Structure formats: C-alpha cells, structure tokens
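Numbering (the working numbering), first residue to last: 221 to 652. Glycine included, each C-beta is placed from N, C-alpha and C at the ideal position. Keep in mind it's a predicted model, so treat the numbers as computed, not measured. Notes follow once the structure below has been shown.
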Amino acid sequence: MADGTTKTAKLTIDGKDYDLPVYSPTAGPDVIDIRKLYAQAGVFTYDPGFTSTASCDSTITYIDGGKGELLHRGYPIDQLAEKSHYLEVCYLLLYGELPSAAQLEDFENRVTRHTMLHEQMMYLFRGYRRDAHPMAIMVGVVGALSAFYHDSTDISDPWQREVASIRMIAKMPTIAANAFKYTLGQPFVYPRNDLDYASNFLRMCFAVPAEDYEVNPILSRAMDRIFTLHADHEQNASTSTVRLASSSGANPFACVAAGIACLWGPAHGGANQACLEMLQEIGTVDRIPEYIARAKDKDDPFRLMGFGHRVYKNFDPRAKVMKQSADEVLDLLGIEDNPTLQVAKELEKAALEDPYFADKKLFPNVDFYSGIILEAMGFPTSMFTPIFALSRTVGWISQWKEMIGDPQLKIGRPRQLYMGSTLRDYVDMENR
Ligand code: SDX
Numbered sequence: 221m222a223d224g225t226t227k228t229a230k231l232t233i234d235g236k237d238y239d240l241p242v243y244s245p246t247a248g249p250d251v252i253d254i255r256k257l258y259a260q261a262g263v264f265t266y267d268p269g270f271t272s273t274a275s276c277d278s279t280i281t282y283i284d285g286g287k288g289e290l291l292h293r294g295y296p297i298d299q300l301a302e303k304s305h306y307l308e309v310c311y312l313l314l315y316g317e318l319p320s321a322a323q324l325e326d327f328e329n330r331v332t333r334h335t336m337l338h339e340q341m342m343y344l345f346r347g348y349r350r351d352a353h354p355m356a357i358m359v360g361v362v363g364a365l366s367a368f369y370h371d372s373t374d375i376s377d378p379w380q381r382e383v384a385s386i387r388m389i390a391k392m393p394t395i396a397a398n399a400f401k402y403t404l405g406q407p408f409v410y411p412r413n414d415l416d417y418a419s420n421f422l423r424m425c426f427a428v429p430a431e432d433y434e435v436n437p438i439l440s441r442a443m444d445r446i447f448t449l450h451a452d453h454e455q456n457a458s459t460s461t462v463r464l465a466s467s468s469g470a471n472p473f474a475c476v477a478a479g480i481a482c483l484w485g486p487a488h489g490g491a492n493q494a495c496l497e498m499l500q501e502i503g504t505v506d507r508i509p510e511y512i513a514r515a516k517d518k519d520d521p522f523r524l525m526g527f528g529h530r531v532y533k534n535f536d537p538r539a540k541v542m543k544q545s546a547d548e549v550l551d552l553l554g555i556e557d558n559p560t561l562q563v564a565k566e567l568e569k570a571a572l573e574d575p576y577f578a579d580k581k582l583f584p585n586v587d588f589y590s591g592i593i594l595e596a597m598g599f600p601t602s603m604f605t606p607i608f609a610l611s612r613t614v615g616w617i618s619q620w621k622e623m624i625g626d627p628q629l630k631i632g633r634p635r636q637l638y639m640g641s642t643l644r645d646y647v648d649m650e651n652r
C-alpha cells in the first residue's frame with residue numbers, strides 16, 4: 221500500500237465538505253482514496269475508460285508517459301532488452317528481484333520441464349477449422365488448461381499458484397506454435413529440453429519432420445527480445461481483464477484466457493497485425509499523405525495503427541528498441557530495402573512532423589515496428605498477436621499473483637451513471 225504519510229483532498233458537495241485521504245506513491249502521481257466516498261457522500265465518481273483511475277496498488281511495472289520510461293521492478297526496459305533475456309525478466313516480474321545464477325538455472329529448468337501439453341489436448345486443436353485465427357484457438361485451449369491441470373487451480377494454495385504460473389509461462393509457446401502449425405496443416409512439433417525458450421518456440425513453429433531444423437541465433441535473439449519488450453505494462457486493458465476476472469476467485473487459466481480475448485482487439489494487442497496490414501495497404505511512400513489525411517479526418521474511422529497510447533505522450537521506449545532491432549534483424553538476414561520498413565520509417569517521419577500528431581502527442585507504440593521483424597522472421601500477420609499474448613502471459617500472471625496475495629482483495633464491481641428509464645409498470649400487449 222502507499223506510504224503512511226497521507227495528505228487529504230477536500231471535496232465540497234452541496235455545501236458539505238469531505239476530506240479524502242491522498243497517498244503518495246514511490247513514483248507517479250498522488251492518488252485520492254475514494255473508497256468511502258459513496259458511503260459518506262452518496263455519490264459515485266465517473267471515469268469511463270479509467271483515464272484518471274488507479275485500480276490497484278502495484279510494485280511490478282511503472283510507466284512515466286511523459287518521459288517515455290518503462291520500468292520493471294525499477295529496471296528500465298532498454299537495459300533489460302539489451303542485457304537480460306526473457307526468462308530472467310520473467311523471474312524479475314514474478315519474484316521482484318534479479319535472480320542469482322543458481323536461482324535462474326533452477327527457474328529455467330522448472331519452465332523447461334513444463335513445456336509439453338497433456339497429449340489429450342492435441343485433440344482440442346483438431347476441433348477447429350484449419351482457417352481459424354490462431355487467437356481463437358489460443359483463447360479456447362488456454363481456457364481448457366483448467367480441465368487438464370486441475371491440481372493447480374486452487375488459488376488459496378500458494379504452491380498451486382506457483383505451479384500454475386510456471387505451467388502457463390512454459391506451455392504458452394507450445395500452444396501458440398501448435399495453433400500456427402494446425403492452421404498450416406503441418407504436424408505439431410514437440411518442445412525440446414535442450415533448447416532455450418525462444419529457440420524452442422521458433423523450432424516448434426518452423427521445423428518439419430522431413431528435415432533437421434537449425435535455429436538461427438539471430439532470429440532466436442530477436443525473438444527473445446520481442447518477448448521481453450511485451451512482457452508487462454502496468455494495468456493495460458488485458459491485464460485489467462485478468463485482474464477483474466481473478467477477483468471473483470476464478471482459476472488462473474480461465475482468467476488468462478479472458479486476458480487473451482481482450483488483447484485480441486485492434487485497439488490493443490491486435491494492433492500489431494492491423495499495423496502491418498495497414499503498412500502493406502499503403503504499399504509505397506507516395507501514398508503516405510493520403511493515409512495521414514485519413515487519420516486526421518474526424519469523419520473517417522481510420523486510425524494510424526501502431527500510433528498513439530493512453531499513457532505514453534512521448535516515444536514508447538519499446539518502439540525505440542523495436543525500431544533498432546528491425547534494422548539489425550533485416551540487415552543480418554540480408555533483407556535490403558524492405559518496402560514495408562521504408563514505408564514505416566517515412567510514415568513515422570511524416571506523422572511526427574504533422575501538427576495533428578504532435579499536438580495530440582501521438583507517437584509510435586510497441587506495435588508499430590514489431591510486425592516488420594515478425595514478418596521478416598517468417599510469421600504471417602495472424603501470428604503477431606498470439607506472440608504478444610505468449611510474451612504478456614508472465615505480466616498477466618505476475619499481476620494476478622500480486623492481486624491474489626493481497627489480504628485486502630475484494631471482488632471488482634464498478635457502479636454506473638444510470639440514464640435509462642425510471643420505474644414504470646408493465647404494459648399488456650393490447651394496450652401498447
Ligand atoms: C497496446 O495500455 C497499454 O499499455 C497497451 C499496450 C500494452 O503493452 O499493453 O501498450 C499495448 O495496446 C498499444 C496500443 C496499440 N493500439 C494501436 O496502435 C491502435 C491505434 N491507437 C489508438 O486507437 C489509440 O491511440 C489508443 C487506443 C492506443 C489510445 O487511445 P486513447 O488513449 O483512448 O486516446 P483517444 O482514443 O481518446 O485519442 C485521443 C485523440 C483522439 O482525437 P480527439 O477526439 O481528441 O480529437 O487522439 C486521436 C483520437 O482520434 N488518436 C488518433 C490515434 N490515436 C489517437 N488519431 C489517429 N491515429 C491514431 N492512432
């Protein structure tokens with residue numbers, strides 16, 4: 221909870237004063253505690269979209285939108301992306317500190333040994349159409365984990381919470397890769413214990429039984445970095461979905477499935493797929509002005525995908541790292557003059573020079589460049605959001621563990637500003 225030294229905010233309603241406690245966090249804005257407001261003053265606060273509402277206190281991730289800073293347990297994302305790797309970041313998010321060498325080795329061994337799925341689950345994939353979107357498969361299969369791993373669904377048992385956490389982090393790449401293979405009509409490729417997390421995922425996605433598959437270290441490093449850049453991000457829509465679902469005591473597998481469903485939307489995690497499709501639709505640099513004009517046109521629902529953010533009013537630091545990585549990966553892969561990357565860079569430049577975007581503080585976000593790397597790695601756009609979901613699983617789980625461990629946990633139950641009909645009697649058909 222916020223520190224004990226509270227200030228107070230004075231609220232006056234109908235001539236009556238109410239003193240509301242104000243808490244000062246370790247970083248970010250003060251918060252006004254309104255938990256007793258309705259009981260004391262008989263009023264609700266009103267904040268659709270939660271633009272000014274802190275839904276919880278947390279110690280996991282902090283974003284300074286003005287500076288374009290993202291910290292995981294205090295460590296900046298650019299340093300983690302450069303010096304750490306995904307499973308170490310998972311450990312940091314889950315347990316709060318960077319691991320010792322022994323702790324990291326133990327954690328990586330535990331994750332590695334949970335990567336296989338119950339064999340019966342393979343039949344679940346086969347119930348989908350082959351042209352199903354991999355996100356539709358992930359939502360279903362992740363929710364079904366609670367039917368197969370019932371021994372880690374009792375959230376009151378810390379040991380079961382720990383096992384469920386490891387199982388989800390370990391099995392998400394296998395589920396995502398199986399969803400991909402199924403839509404390709406290719407056989408599932410099983411995980412291997414002698415490969416690191418990112419290499420295992422690439423092999424499960426791209427290996428075929430007909431030949432050996434050698435993981436390209438450039439691709440596995442880029443893949444691991446993409447996982448790290450998407451790991452957690454405060455109380456975003458999908459994390460808030462997981463927290464709200466978990467507040468009822470639902471099992472963690474079902475709650476993460478709800479998070480995956482929320483992430484799928486194009487305003488959220490689905491933006492990486494929508495952004496690449498937008499860049500491909502623009503096609504050439506000379507068509508950029510037409511799309512900039514459409515994005516500015518109030519009467520046109522078109523928005524620049526991969527641009528803008530609720531919190532960042534400066535560069536999304538993940539987009540900066542992703543842009544550097546896109547240049548590196550395409551260069552190392554010998555992909556020169558990638559037209560999509562060219563359009564992305566020119567579009568970013570044109571938008572940032574345009575007063576509309578500058579005035580509204582709209583900058584590229586994490587989704588603007590990620591698709592270019594993923595496409596260069598051989599993934600279809602339909603796999604972009606599943607990769608985001610795979611990466612974000614540790615964030616959802618870390619936030620879930622933090623919430624479930626809070627002795628003050630209450631079920632989330634917002635109120636409303638009701639603008640519908642007041643009490644009226646039923647009207648029989650003959651009198652309508
Ligand atoms: C993610 O929350 C997170 O942390 C999410 C995320 C994470 O890691 O979990 O960072 C991942 O979801 C990144 C965002 C991916 N979505 C997109 O790229 C889709 C395109 N962007 C937008 O739809 C929008 O910017 C949002 C949804 C990201 C943020 O929307 P907000 O904060 O609700 O802002 P808004 O819609 O009220 O927009 C403010 C103004 C509006 O104009 P006015 O009504 O004030 O005149 O800016 C305009 C908007 O029309 N605007 C855009 C725009 N984004 C906002 N105009 C054109 N193109 C855009 N992309």
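query: How many whole angstroms separate the CB atoms of Asn413 and Arg293, which I take to be in contact at a CB cut-off of 8 Å?; result: In fact, because the Cβ distance is near 28 Å, the residues do not count as touching under 8 Å.
query: For the region 340 to 397, which segments carrying the alpha helix (DSSP H) assignment without a break, of at least 4 residues, lie completely within its bounds, in sequence order?; result: 342 to 345, 354 to 368
query: Please look up how many angstroms separate the CB atoms of Gln406 and Phe368, rounded, as I've assumed it's under 8 Å.; result: Going by Cβ atoms, the distance from Gln406 to Phe368 rounds to 23 Å, so no, they are not a contact pair.
query: Of the choices Asp239, Glu308, Pro378, whose alpha-carbon is the least far from that of Asp626?; result: Pro378
query: For Arg381, count the other beta carbons within 10 Å of its own beta carbon; 16 or more makes it buried, fewer makes it exposed. Which is it?; result: buried
query: Run through the region 255 to 323 for me and flag every whole beta strand (DSSP E) of 3 or more residues, listed as ranges in chain order.; result: 281 to 284, 289 to 292
query: Measure the Cβ-Cβ separation of Arg612 and Ala451 and say whether it is below 8 Å.; result: yes
query: Among Thr232, Trp620, Val614, which has the Cα closest to the Cα of Glu308?; result: Val614
query: I need the straight-line Cα distance from Val476 to Ile375, nearest angstrom please.; result: 14 Å
query: Using a threshold of 7 Å, is the CB atom of Asn534 nearer than that to any non-hydrogen atom of the ligand SAH?; result: The ligand content of the structure shown is limited to the ligand SDX, which means the ligand SAH is not among them.
query: Should Phe421 be labelled buried (16 or more other beta-carbon atoms within 10 Å of its own) or exposed?; result: buried
query: So, Ala424 versus Ala397, is the Cβ gap smaller than 8 Å?; result: It is Met, not Ala, that sits at residue 424 in the sequence shown. The answer is yes: Cβ separation under 8 Å.
query: Would you kindly check if the distance between the Cβ of Gly248 and the Cβ of Asn534 is under 8 Å?; result: no
query: Give a single yes or no on whether Leu313 has its beta carbon closer than 7 Å to a heavy atom of the ligand SDX.; result: no
query: So what does DSSP say about Pro521, is it helix, strand or coil?; result: coil
query: Looking at the unbroken alpha helix (DSSP H) that takes in Tyr417, where does it start and where does it end?; result: 417 to 426
query: Does the ligand SDX have a heavy atom nearer than 7 Å to the CB of Val586?; result: yes
query: In terms of alpha-carbon separation, which member of Leu344, Ser278, Leu337 lies closest to Gly316?; result: Ser278
query: Say the cut is 7 Å; is the CB of Met392 nearer than that to a heavy atom of the ligand SDX?; result: no
query: Kindly provide the ranges of any alpha helix (DSSP H) runs that are 4 or more residues long and lie completely inside the region 458 to 538, ordered along the chain.; result: 472 to 483, 491 to 502, 508 to 516
query: Could you tell me the boundaries of the alpha helix (DSSP H) in which Val614 lies?; result: 604 to 624
query: Reducing DSSP to helix, strand and coil, say where Pro241 ends up.; result: strand
query: Can you tell me where the alpha helix (DSSP H) holding Ala442 begins and where it ends?; result: 437 to 449
query: Quick check on the burial criterion: 16 or more other C-beta atoms within 10 angstroms. Buried or exposed for Leu643?; result: exposed
query: Any heavy atom of the ligand SDX closer than 7 Å to the CB of His292?; result: no
query: Taking the Cβ atom as the reference point for each residue, do Ile593 and Ala564 lie within a distance shorter than 8 Å?; result: no
query: For the candidate residues Leu300, Tyr348, Met388, whose alpha-carbon lies nearest to that of Trp177?; result: Absent from the structure is residue 177, since the part of the chain shown begins at 221 and ends at 652.
query: Relative to the alpha-carbon of Tyr532, which residue among Phe583, Glu328, Ser244, Tyr243 has its alpha-carbon at the smallest distance?; result: Phe583
query: Taking the beta carbon of Ser545 as the centre, do at least 16 other beta carbons fall within 10 Å, making it buried, or is it exposed?; result: buried
query: Considering Cα atoms alone, identify which of Ala418, Asp536, Gly554 is closest to Asp444.; result: Ala418
query: Comparing alpha-carbon positions, which option in Asp234, Gln636, Gly640 lies nearest Ala261?; result: Asp234
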